[in-house]
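J.: Residue numbering for the sequence shown follows my numbering, beginning at 1 and increasing consecutively.
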Amino acid sequence: MNKSQLPHDYLERVYAGVLGKLIGVYVGRPFENWTHQRIIEELGHIRGYVHERLGDPLVVTDDDVSGTFQFVRALEEHGCNPDISSEDIGKTWLNNVIENRTIFWWGGRGMSTEHTAFLNLKRGIPAPLSGAIQTNGRTVAEQIGAQIFIDGWALVAPGNPSLAAKLARAAGSVSHDGEAVYAAQLWAAMESEAFISKDIDHLLNTGLSTIPEDSLVARVIGNVRKWVAEDGDWTKTRQRIEESYGYDKFHGICHVIPNHALMIMAVLYASNDFDEAMHIINTCGWDTDCNSGNVGCLVGIMLGLPAFQGNYDWRGPLADRALISSADGGYSINNAARIAYDIANKGRLLAGHDTLQPPKRGAQFHFSLPGSVQGFQLSWPSGSGQGASAVLQQRVNDAHGPGLAIDVENIYREPGQIEVLTQTFTPKEVLYMKTYELMASPLLYPGQTVMAKVYIGGEGDGNISIGLRLKVYSRNDDLVEVDGPAVTLAIGETQSLLWTIPDEMDSQPIQKIGIVLRWGSAQPFEGTVWLDSLSWTGVPNMILKVPQQQPCGFWRRAWINGADNFSNSSFLIAQGQGEGIIIYGTREWDNYSITIPNFMVKFGAPAGLAIRVQGLNRYYAVTFTADKRINVVKAHDAHRSILSSAAFPWELDYKYRVTLAAHGENIVARVGDTELRSVDGAYRGGGFGLIATDGCVSADCFVIS
1 MNKSQLPHDY LERVYAGVLG KLIGVYVGRP FENWTHQRII EELGHIRGYV HERLGDPLVV
61 TDDDVSGTFQ FVRALEEHGC NPDISSEDIG KTWLNNVIEN RTIFWWGGRG MSTEHTAFLN
121 LKRGIPAPLS GAIQTNGRTV AEQIGAQIFI DGWALVAPGN PSLAAKLARA AGSVSHDGEA
181 VYAAQLWAAM ESEAFISKDI DHLLNTGLST IPEDSLVARV IGNVRKWVAE DGDWTKTRQR
241 IEESYGYDKF HGICHVIPNH ALMIMAVLYA SNDFDEAMHI INTCGWDTDC NSGNVGCLVG
301 IMLGLPAFQG NYDWRGPLAD RALISSADGG YSINNAARIA YDIANKGRLL AGHDTLQPPK
361 RGAQFHFSLP GSVQGFQLSW PSGSGQGASA VLQQRVNDAH GPGLAIDVEN IYREPGQIEV
421 LTQTFTPKEV LYMKTYELMA SPLLYPGQTV MAKVYIGGEG DGNISIGLRL KVYSRNDDLV
481 EVDGPAVTLA IGETQSLLWT IPDEMDSQPI QKIGIVLRWG SAQPFEGTVW LDSLSWTGVP
541 NMILKVPQQQ PCGFWRRAWI NGADNFSNSS FLIAQGQGEG IIIYGTREWD NYSITIPNFM
601 VKFGAPAGLA IRVQGLNRYY AVTFTADKRI NVVKAHDAHR SILSSAAFPW ELDYKYRVTL
661 AAHGENIVAR VGDTELRSVD GAYRGGGFGL IATDGCVSAD CFVIS
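1. Consult DSSP for Lys-453 and reduce its assignment to one of helix, strand or coil.
2. Kindly indicate which three-state DSSP category Lys-249 falls into: helix, strand or coil?
3. Would you list, in sequence order, the uninterrupted beta strand (DSSP E) runs of no fewer than 3 residues that lie entirely inside the region 521-588?
4. To the nearest whole angstrom, what separates the beta carbons of Ile-456 and Ile-491, a pair I think is in contact under 8 Å?
5. Take the Cβ of Gly-20 as the centre, count every other Cβ of all protein chains shown within 10 Å, and call the residue buried at 16 or more, exposed below.
6. Output yes or no for whether 7 Å exceeds the beta carbon distance between Val-529 and Tyr-592.
7. What first and last residue would you give for the beta strand (DSSP E) that runs through Met-600?
8. For Asn-410, collect the residues of the same chain with a Cβ closer than 8 Å to its Cβ; drop the 5 residues on either side in sequence, then sort them by chain order.
9. Give the DSSP-derived three-state secondary structure of Ser-86 in the structure shown.
10. For His-251, count neighbouring C-beta atoms within 10 Å of its own C-beta (all shown protein chains included) and say buried if the count is 16 or more, exposed if not.
11. What's the C-alpha gap between Lys-434 and His-255?
12. Going by the DSSP bridge assignment, what does Cys-696 pair with across the sheet?
13. Is it true that the region 175-185 meets the region 213-221, where meeting means three or more beta-carbon pairs spaced less than 8 Å apart?
14. Indicate whether the contact test is met: 3 or more Cβ pairs, each with one atom in the region 82-99 and one in the region 51-59, closer than 8 Å.
15. Confirm, please, whether the CB-CB distance from Gly-514 to Arg-612 is below 7 Å.
16. What are the boundary residues of the beta strand (DSSP E) that includes Trp-380?
17. Please classify Lys-471: does DSSP put it in a helix, a strand, or coil?
18. Would you be able to state if there are at least three C-beta pairs under 8 Å between the region 631-646 and the region 667-675?
19. How is Gln-185 classed by DSSP in three states: helix, strand or coil?
20. Would you kindly work out how many angstroms separate the C-alpha atoms of Arg-315 and Phe-308, rounded to a whole number?
21. Hey, how far is the Cα of Asp-532 from the Cα of Arg-469?
22. In or out: Ala-662 buried (at least 16 other Cβ within 10 Å) or exposed?
23. With DSSP collapsed to three states, give me the class of Gln-357.
24. In angstroms with no decimal places, state the Cα-to-Cα distance between Glu-230 and Ala-319.
25. Just how far apart, CA to CA, sit Gly-90 and Asp-83?
26. Pairs of beta-carbons, one from the region 446-460 and one from the region 66-76, closer than 8 Å: are there three or more?
27. Suppose you measure from the CA of Pro-442 to the CA of His-260; what does that come to, to the nearest Å?
28. On the DSSP letters alone, give me the boundaries of the beta strand (DSSP E) that His-663 sits inside.
29. Would the beta-carbon of Phe-367 fall within 7 Å of that of Gly-310?
30. If we define contact as Cβ-Cβ less than 7 Å, is Asp-320 a contact residue for chain B?
31. Return the CA-CA distance between Leu-163 and Phe-702, expressed in angstroms with no decimal places.
32. Which term fits Arg-38, buried or exposed, when burial requires 16 or more other beta carbons within 10 angstroms of its beta carbon?
33. What's the C-alpha gap between Tyr-362 and Met-505?
34. Which residue's Cα is closest to the Cα of Gly-159: His-8, Glu-481, Ser-570?
35. On a Cα-Cα basis, can you pick out the residue from Pro-258, Glu-193, Tyr-247, Gln-239 that is closest to Arg-219?
36. What three-state label does DSSP hand Lys-428 in the structure shown?
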């Protein structure tokens with residue numbers, strides 16, 4: 001592949017685009033689908049986040065975030081190819097979307113465009129027919145969804161608007177057609193060109209060059225441009241848009257045209273001012289999170305990270321956090337820096353370049369991007385910190401490079417502590433999230449080894465204790481502290497903390513990790529504590545069972561539930577039709593074994609245990625089959641290939657010891673005294689799963705080693 005030129009600041013501009021998307025979505029989410037009139041009456045002009053006024057968390061599960069950053073990963077599943085097809089992207093849908101649970105608004109066939117397209121895919125209608133007007137009709141096909149999911153496809157094609165439009169068309173056509181796909185193509189081309197130009201009229205002309213001149217999208221843009229030039233006042237232009245292209249002019253729940261017109265208007269008035277762009281697009285109303293997310297991404301790319309340095313603190317409350325609900329549970333608890341590196345590496349591969357070297361030897365938390373705190377937030381445990389102060393921010397240290405700085409003052413008076421933690425699993429706030437369910441597996445597990453590099457800056461006075469800390473779910477779903485090793489450091493000192501997490505959590509998920517700073521009355525300190533990096537390696541070494549600390553429910557939320565029914569009190573799943581699977585773990589797991597001491601098929605087949613699971617349709621498994629055999633199978637999208645097989649006269653309601661191990665390309669299964677060996681290198685990492693087909697299976701516990 002020939003190399004194409006990338007912007008010198010490509011990674012940072014991707015990061016700014018991701019931040020703009022997240023900020024925009026989370027600003028507009030609490031009042032999605034409100035009219036302009038209702039927003040003015042109840043909230044006034046939108047300037048900054050308003051979630052607290054409406055009793056909502058800031059960072060929530062939302063289709064705009066989940067779809068945007070999950071579907072572009074089709075480039076991982078089907079090759080980083082500029083000619084990736086709609087059909088392949090549709091397969092990524094089927095691998096990552098759990099029906100009625102993840103990513104989409106499940107509003108019903110013929111009402112929700114994405115729900116309709118998903119059912120088409122599931123029934124064997126491939127993309128792009130799954131989203132075509134000839135399949136679903138014009139009303140369904142021209143709703144807003146194609147536009148809201150395309151930012152990732154633009155971010156992998158910097159300065160290449162024709163490629164961005166091509167990718168957006170392939171992705172959008174999985175579920176949409178007609179004007180909806182034109183809107184997606186145009187916006188993707190604009191975002192791509194925004195890497196190399198800040199001229200909004202040039203960006204619009206670039207976008208228009210990718211769609212038919214006689215399309216409704218093109219005609220609407222022509223009118224909006226004329227009105228902006230005539231009005232000079234966005235409120236007047238908004239009124240014209242409502243009168244000419246309002247919701248009452250189109251069929252369906254959320255048509256693309258009214259919202260696209262508002263987006264064009266917002267960037268024409270405020271493409272050079274992120275604060276004002278957020279103000280206009282959110283105060284306009286209708287599909288605010290979708291519109292605001294697209295506008296935020298475009299303006300973020302155009303202006304780069306300085307876009308967020310206006311009057312409002314966009315980045316502080318966000319703290320880089322993102323939630324992406326899908327069948328890949330290890331990607332659900334996420335942050336803008338991780339997403340930016342993933343997308344930038346796809347863009348580099350598409351442009352013929354090598355991928356970036358992972359910062360700080362692959363540390364999960366490296367703080368390498370300007371201002372990036374990667375989800376870390378500062379908190380004071382109850383009763384601590386009276387009279388003290390602390391500020392958390394990413395900075396660059398002259399001697400050590402980028403890191404997370406905690407500036408501490410006035411901790412002289414009495415013993416206390418400060419926590420600096422980031423999420424590794426679903427927060428309790430999920431109980432208050434509306435509309436969209438969060439599917440997530442923890443990022444961190446017992447048996448894995450954590451390492452944190454910490455140091456004290458060269459200025460200040462005294463010394464302070466720095467230790468590793470986890471927050472773990474417990475009885476009543478309360479979070480309890482589990483502390484690891486600690487060191488006491490003085491000014492200018494550096495140390496690494498190393499901790500293999502013990503299997504002493506009662507199979508409860510780890511919700512946070514980070515450091516705790518402690519001091520006593522005889523241990524004064526003022527200065528800057530630096531967290532240079534935090535990482536973990538290895539695979540779990542644990543016995544996973546139903547916790548004894550009852551009542552509790554978050555242990556079950558640690559499983560990705562792709563089955564019809566999953567018991568609230570045991571590892572028992574049932575699937576009424578077809579294949580169901582529950583999944584535990586992340587794609588970073590490799591070279592491990594999983595054992596079920598007592599596995600039972602209660603009804604139906606094939607049923608079994610999966611390993612290296614990378615979604616609903618990508619894994620290896622040992623299965624019990626209806627013709628009384630055990631097979632090692634490879635799931636690859638819709639196909640199930642038998643890698644090895646043996647006769648095995650198994651019975652319903654009988655307990656079997658089942659082990660499945662993966663090391664390199666070797667897959668080894670044991671059921672009782674029968675062993676099967678296979679060789680395949682397609683999947684080199686992933687969690688494990690329990691599979692039922694047209695029936696029900698159970699397990700007593702899982703031994704991971």
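Yeah, the Cβ is synthetic: ideal placement off N, Cα and C, and Gly gets one too.
Just so we're clear, the structure is a prediction, and the values are computed from it rather than from any experiment.
T.: Answer, in terms of the structure:
1. strand
2. helix
3. 525-537, 542-544, 560-562, 571-584
4. 5 Å
5. buried
6. no
7. 592-603
8. Gly-387, Ala-388, Ser-389, Glu-526
9. helix
10. exposed
11. 22 Å
12. Ala-574, Phe-603
13. yes
14. no
15. no
16. Premise fails: Trp-380 is in no beta strand (DSSP E) and is neither H nor E.
17. strand
18. yes
19. helix
20. 7 Å
21. 16 Å
22. buried
23. coil
24. 40 Å
25. 14 Å
26. no
27. 37 Å
28. 656-663
29. no
30. You won't find chain B in this structure, because it holds only one protein chain.
31. 46 Å
32. exposed
33. The sequence shown places Gly at residue 362, not Tyr. Approximately 27 Å between the Cα atoms of the pair.
34. His-8
35. Pro-258
36. helix
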